[in-house]
Amino acid sequence: MQEKKQMSQETLNTERYTRTWFVERAKNSFKKLEDGKWDFSDSLLLYMPSGEEVYINVQNTDTPYYKLVTAPEHEYLKDIASQVVVELPDDFVFIDLGPGTEHKEQFFFDACKNQNKIFRYVPVDISDYYLRLAKDYAEKQSIPTQPIKSAFEELPSVLTDISGPRFVSLGLTFSNYNSQEVIRLMTAIAGSGGYIFLNTQIKERIDMSLIREVYQNIVGDLCKDKLELLGLVVGVHVSELRVDENNRTWCTILQLNDELKALGVVIGDEILVLQSLRYYKSDLERELEKTGLAYTTYDTGETFVASLIKV
């Protein structure tokens, strides 16, 4: 039976993740990729409080993004959730990295209930809005919940008082990161004996031109505030954003400020602002093999393929 006891402890750090913190993070995350190209793809910088409305609007059911990404992902997760949960211990900690408004966690909640598995739900985000949304949603189902306000890379030290096997779910947000880098981080979060859940759309099964078009229409709103953390205004300091064939978003430097000059940036250099990568299935499997960890993929023939990695 689902555990009824509510967890009273709640980690909501209200002093961190201020505008000043985001500006410092932006400066520290800006790195050189190669001559003439700079990496500013840090996914966390998209999730400032000012960007919450943008994400909510993107997830509306009548948007192209919802129809091409969100809706098929929901159908896929509904199909595979029970297969994933059967691999998990009978009592575990469900660490949900970046819960949103779509409540994809519900598919795992239902599977756990059907299989009589007990879990504690730990949503993790830097947004008070999303954490409270996740907390209220889970607690209405009598699920013991402990929201944690934290950047993902800080979690290995933050979670020291969370006992029990960990199931760490990143889902499609996996696509925002370089694969080996984020899997190493999730391995540290999951800890020995833990489980990692990743999801991605498979490149050969979707129309990448449509994906690119969808992102091209939303990246201006998504990335505006992020670029302003570096004092960059689209159309003044940088060009309009453009999405390439690999679903990476770039802009070109038009005008320098003192901080970028100090880093060695010159006019005409390109900045990688965002990436939401799609993998060929063979490439995804190669990335999983590189980890040296045991894993299972769930391929139903749909556009999504998820993986469960055992740490």
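Residue 183 in numbering that gives the first Met the number 0 sits at position 184 of the sequence shown, with consecutive numbering throughout.
Glycine is no exception: its CB is placed at the ideal position from the N, C-alpha and C atoms.
GLN274 lies in the beta strand (DSSP E); which residues open and close that run?
269-274
How big is the Cα-Cα spacing for SER178 and GLU286?
7 Å
In whole angstroms, what is the alpha-carbon distance linking ILE308 and ASP61?
34 Å
Just the C-alpha distance for ASP78 and ARG119, rounded to the nearest angstrom, thanks.
23 Å
Mapping DSSP to helix, strand and coil, what is ALA305?
strand
Compute the Euclidean distance between the alpha carbons of ALA110 and PHE93, then round it to the nearest angstrom.
Rounded to whole angstroms, ALA110 and PHE93 show a C-alpha spacing of 13 Å.
Delimiting residues of the alpha helix (DSSP H) encompassing ILE182:
178-189
Using three-state DSSP, classify TYR297 as helix, strand or coil.
strand
Count the other CB atoms, across all protein chains shown, that sit within 10 Å of the CB of GLN274; report buried if there are 16 or more and exposed otherwise.
Buried, since its Cβ has 16 or more Cβ neighbours within 10 Å.
One or two residues paired with GLN200 in a DSSP bridge
PHE303
Kindly indicate which three-state DSSP category GLU72 falls into: helix, strand or coil?
helix
With 16 other Cβ atoms within 10 Å as the buried cut-off, status of THR17
exposed
With a 10 Å radius around its C-beta and 16 neighbouring C-beta atoms as the bar for buried, classify ILE210 as buried or exposed.
buried
Straight-line Cα distance separating GLU104 from ILE142:
12 Å
So if DSSP puts LEU96 in a beta bridge, which residue, or which two residues, is it bridged to?
VAL123
If you draw a straight line from the alpha carbon of VAL85 to that of VAL237, how long is it in whole angstroms?
Counting only the Cα atoms, VAL237 lies some 49 Å from VAL85.
Over the uninterrupted alpha helix (DSSP H) stretch that includes GLY163, give me the two end residues.
No alpha helix (DSSP H) holds GLY163; DSSP gives it neither H nor E.
The beta strand (DSSP E) that contains ARG18, what's its start and end?
Premise fails: ARG18 lies in the alpha helix (DSSP H), 18-28, not in any beta strand (DSSP E).
TYR128 to ASP95, Cα distance in whole Å?
C-alpha separation (whole angstroms): 15 Å.
Using the Cα positions of GLY99 and VAL233, report the straight-line distance between them to the nearest angstrom.
27 Å
Check the DSSP bridge columns for CYS250 and list the partner residues they point to.
Paired residues: ILE270.
Are the stretch 179-196 and the stretch 151-161 in contact at 8 Å, needing three or more beta carbon pairs?
yes
Using 7 Å as the threshold, is the C-beta distance between ILE117 and ASP90 below it?
yes
According to DSSP, is PHE39 helix, strand or coil?
DSSP places PHE39 in coil when its eight states are reduced to three.
Counting Cβ pairs, one atom from each stretch, are 3 or more of them under 8 Å apart for the stretch 265-272 and the stretch 164-176?
no
Where LEU169 sits in the DSSP three-state scheme:
LEU169 falls in the strand class under three-state DSSP.
Is ASP90 helix, strand or coil when you go by DSSP?
strand
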